[in-house]
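If you're matching positions, the sequence shown starts at 1 in UniProt numbering and goes up one per residue.
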Amino acid sequence: MGAEQRAMGEGLTASRMDGLRQKLESQGLKDVVYMVVNQQGEQAQRLHTMLEQRLSENITLYKQDEQQPDVWQALGGEKDDFLIYDRCGRLTHHISLPYSIIGQGHVDSAIKDTYCKRICGDCRYESTETAEKCKGNADTQPDTAPAVEGDTGHAHHHGHHHGHAHSHGQHHGNHDGADQQGARQQGT
1 MGAEQRAMGE
11 GLTASRMDGL
21 RQKLESQGLK
31 DVVYMVVNQQ
41 GEQAQRLHTM
51 LEQRLSENIT
61 LYKQDEQQPD
71 VWQALGGEKD
81 DFLIYDRCGR
91 LTHHISLPYS
101 IIGQGHVDSA
111 IKDTYCKRIC
121 GDCRYESTET
131 AEKCKGNADT
141 QPDTAPAVEG
151 DTGHAHHHGH
161 HHGHAHSHGQ
171 HHGNHDGADQ
181 QGARQQGT
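Below is the structure:
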């Protein structure tokens, strides 16, 4: 597949991600941070400007520095993965292909679960106001894959990581957006 075709595919994913953001905002989930982390490779860096133009201004595009450690390697993620963090920066979901395709319900359910259900326990940045926004979502059944044996019961999705469950002391780093949830996806 040529670079132009790949970029068109990334543009489609970017527009779907903004559609997901708009859908969740219309349901009251307005303080979620959306971020695309571009790959570190040379080709991804060449396509960075094109991807930046296709992304909504409401979605941050992070460009990796080639001189720094690879973010996706540090997080244990791969292309097209979604990593969902709670307000305290704790990883609640790691969703891989084929579950990470926007429109199938897995990504939006993971964001809603993280926003509404306090999957990793209480967080000092959560308030009762958040719970009020979630009353209509609390009884919604997430569109998820069957539970993986050895899972912690926190609805982690792993696709290519079957059997690998995160314990709460071993999450992959923090998200500095206190008072906001986070959804990150790898770009190009």
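In this text, a Cβ means the ideal position worked out from N, Cα and C, and glycines have one as well. These numbers were taken from a predicted model, which means no experiment stands behind them.
- DSSP, reduced to helix, strand and coil, places residue 97 outside both helices and strands of the structure shown, so it counts as coil.
- Cβ neighbours of residue 38 within its own chain (closer than 7 angstroms, five residues either side excluded): 44, 48, 51, 61, 62, 63, 64, 187, 188.
- In the same chain as residue 126, and ignoring 5 residues on each side of it, the C-beta atoms closer than 7 angstroms to its own belong to 87, 118, in chain order.
- Between residue 55 and residue 80, the C-beta gap is not smaller than 7 angstroms, which leaves the two residues out of contact.
- The Cβ atoms of residue 21 and residue 102 do not sit closer than 7 angstroms to each other.
- Shown here, residue 62 sits in a strand according to DSSP, grouped into three states.
- DSSP places residue 47 in no beta strand (DSSP E); its state is neither H nor E.
- Taking the Cα of residue 99 as reference, the smallest distance to any Cα among 89, 114, 83 is reached at 83.
- If you check the CB distance, residue 92 and residue 120 come in under 7 angstroms.
- Straight through space, the alpha carbons of residue 13 and residue 53 are spaced by roughly 13 angstroms.
- The DSSP-derived three-state label of residue 126 is coil.
- When DSSP states are grouped into helix, strand and coil, residue 111 belongs to the helix group.
- Residue 112 counts as buried, since at least 16 other C-beta atoms from the protein chains shown sit within 10 angstroms of its C-beta.
- When the five nearest sequence neighbours on each side are left out, the beta carbons in the same chain lying within less than 7 angstroms of the beta carbon of residue 114 are those of 84, 86, 92, 93, 181, in order along the chain.
- The three-state reading of DSSP puts residue 117 in helix, counting H, G and I together.
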